[in-house]
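Count along the sequence shown starting at 1, add 1, and that's the number in the working numbering.
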Amino acid sequence: MLWLVVAGVLAARKGVSRRAALRGVAAIAGASFSASLVAKRLLPRRRPAADLLAVPRRLTRRPTSSSFPSGHAASAAAFTTALAMESPALALAVAPVAAAVAYSRVHTGVHWPSDVAAGAAIGIGAGLLTRRWWPLGRTERATAREHQTLAALVDGEGLVVVVNRSAGLGATSLGAVDPAEAVAEEWPKATIVGIDDLDTLIDDYAPQALGVAGGDGSVGAVAAVAAAHRLPFALVPAGTLNHFARDVGVHGVDDTARAVTDGEGVLVDLAAVSVDGAGPRWFVNTASLGGYPDMVRLREKLQDRWGKWPAAVIALAKVLRTSRPMRVELNGEPRLIWMLFVGNGPYRPKGFAPTMRPALDAGLMDVRYIRADTRFSRARFFVGALLGALDRSRTYRHLETRWLDVRLLDGAVAIATDGEVGPTGSTFEFRSRPAALAVYRPQD
């Protein structure tokens with residue numbers, strides 16, 4: 002009960018504090034199951050005799066379960082370990098309390114020291130095990146090919162920046178600042194245009210480089226134009242999530258401004274999809290068919306409150322419950338699937354909720370889908386996701402490839418790219434485009 006109260010207090014604040022609390026509760030669940038329901042039954046042991054202790058040290062109500070291992074020590078160690086992975090400062094604050102809980106079990110004579118040591122070991126293991134299905138947030142940017150010949154633009158001269166003004170409203174990397182104001186202050190000689198001018202800006206301004214201040218949808222649209230005209234790309238993260246900017250390693254306008262002034266940057270891959278034979282639709286992050294777009298939107302709506310992994314579980318359960326299977330051909334092979342995910346570059350983790358890319362220069366696409374042609378496929382997939390065992394599940398498929406052809410056999414569906422709903426079609430040709438985009442990024 003003590004640790005659940007602490008978790009409740011921590012969960013009242015968004016961000017690291019809430020993630021730490023949720024990871025701590027998950028770790029306690031694993032530790033309690035392992036210690037109390039498994040180890041105590043497999044390795045029963047008598048507790049120390051109460052009459053060997055001084056009366057003031059004795060508990061009024063002594064537990065009657067097996068002495069080995071200590072469930073209290075397991076929970077204390079599990080919670081502290083989980084907190085340490087998210088926030089060492091929080092772990093340091095609760096560590097004395099956890100140590101006191103563990104010591105009290107020996108001091109009051111209800112456990113042998115070895116019981117407490119074993120319980121602590123189980124708790125530490127349970128805390129560390131949460132990383133299997135809930136990876137820690139990334140601490141370094143994705144790798145990419147160094148590119149040393151980008152145009153160095155002092156004060157943004159020759160730079161045209163497309164601004165999505167609505168992106169600056171709410172919680173973004175720029176706070177509540179109008180993105181246009183931030184861009185104008187950093188690059189006084191740059192030309193600022195709206196997202197509606199995207200189709201004509203090349204002819205109108207003949208830019209030396211293109212930039213964007215907006216969320217992932219705007220980033221994908223402007224990046225496609227930059228890649229098509231082989232122009233360097235300046236990225237100002239001004240959306241709510243900024244997946245592409247996070248993977249590139251650009252965290253704010255200051256990072257981009259320094260790289261633009263110095264002409265520093267990298268080459269990154271893009272991916273493209275042709276719908277029913279039309280021209281390529283480029284994407285910087287992901288494309289998807291079926292219920293996956295709904296799952297992503299719901300997950301991102303819930304993750305500030307619950308954290309990424311719990312939000313993903315809730316979103317997955319809701320979407321799978323109402324999804325309808327799709328009959329498709331994947332590279333000519335017939336399949337019955339619930340949803341299809343295609344990522345620009347290999348994503349991690351390899352489970353059902355990919356969140357980051359370790360490399361942007363792999364020349365590959367990340368393809369994942371859930372089979373619908375096995376018995377109880379949705380339930381089996383969900384259980385596999387909870388246990389972190391999707392790599393051994395028959396209902397889940399994951400591959401990395403340079404190309405993928407998809408043909409729907411029962412009509413047309415809409416594709417979503419970079420979070421934006423795109424055209425409807427029945428054939429989709431996905432291709433990786435290695436080193437297609439030069440992005441300004443500081444070297445350090």
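Even glycine gets a Cβ: it sits at the ideal position worked out from N, Cα and C.
- Annotation: residue 383 to residue 300 spans about 15 Å, alpha carbon to alpha carbon.
- Ranked by Cα distance from residue 22, the first of 281, 82 and 160 is 82.
- For the pair residue 238 and residue 251, the CB atoms are nearer than the 8 Å cut-off.
- Excluding the 5 residues flanking it on each side, residue 413 has same chain C-beta neighbours closer than 6 Å at 425, 426 and 427, in chain order.
- Residue range 428 to 441 is occupied by the beta strand (DSSP E) that includes residue 433.
- In chain order, 337, 410 and 411 place their CB closer than 6 Å to the CB of residue 328, counting only its own chain and leaving out the 5 sequence neighbours on each side.
- The Cβ atoms of residue 39 and residue 267 lie no closer than 8 Å to each other.
- The beta strand (DSSP E) runs of length 3 or more contained entirely in the region 172 to 236 are, from start to end of the chain, 192 to 195 and 210 to 215.
- Note that the C-beta distance between residue 108 and residue 62 is not below 8 Å.
- Inclusion of residue 215 and residue 180 in the CB contact set at 8 Å is warranted, their separation being smaller than that value.
- For the options 150, 134 and 188, the alpha carbon positioned closest to that of residue 160 is the one of 188.
- Between residue 347 and residue 401, the beta carbon gap of about 5 Å places them in contact (Cβ cut-off 8 Å).
- The beta carbons of residue 11 and residue 19 sit closer together than 8 Å.
- The DSSP assignment places complete alpha helix (DSSP H) segments of no fewer than 4 residues inside the region 328 to 415 at 378 to 388, in order along the chain.
- As DSSP reads the structure, residue 284 sits in a beta bridge with 272.
- In the structure shown, the three-state DSSP call for residue 244 is helix.
- For the set 331, 339, 271 and 283, the Cα lying nearest the Cα of residue 145 is the one of 271.
- A Cβ-Cβ distance of about 7 Å is found for the pair residue 403 and residue 366, placing them in contact under the 8 Å criterion.
- Nearest to residue 399 by C-alpha distance, out of 369, 406 and 423, is 369.
- In the three-state reduction of the DSSP assignment, residue 110 falls in the coil class.
- Rounded to the nearest angstrom, the Cβ distance from residue 64 to residue 111 is 6 Å, consistent with a contact under 8 Å.
- It is roughly 11 Å from the alpha-carbon of residue 120 to the alpha-carbon of residue 106.
- Fully enclosed alpha helix (DSSP H) runs of no fewer than 4 residues occupy 293 to 307 of the region 291 to 321, in order along the chain.
- Here residue 342 is not near residue 285, since their CB atoms are 8 Å or more apart.
- Counting only unbroken stretches of 3 or more residues, the beta strand (DSSP E) elements lying wholly within the region 128 to 153 are 146 to 148, in sequence order.
- In the three-state DSSP reduction, residue 158 falls in the coil class, being neither helix nor strand.
- Taking the CA atoms as reference points, residue 123 sits about 13 Å from residue 131.
- Under the DSSP assignment, residue 20 falls in the alpha helix (DSSP H) whose first and last residues are 17 to 33.
- Taking 8 Å as the upper bound for CB-CB distance, residue 136 and residue 350 are in contact here, some 5 Å apart.
- In the displayed model, residue 50 falls within coil according to three-state DSSP, outside both helix and strand.
- Judged by beta-carbon spacing, residue 283 lies within the 8 Å limit of residue 221, meaning their Cβ atoms are closer than that value.
- A residue is called buried when at least 16 other Cβ atoms come within 10 angstroms of its Cβ; residue 304 meets this threshold and is buried.
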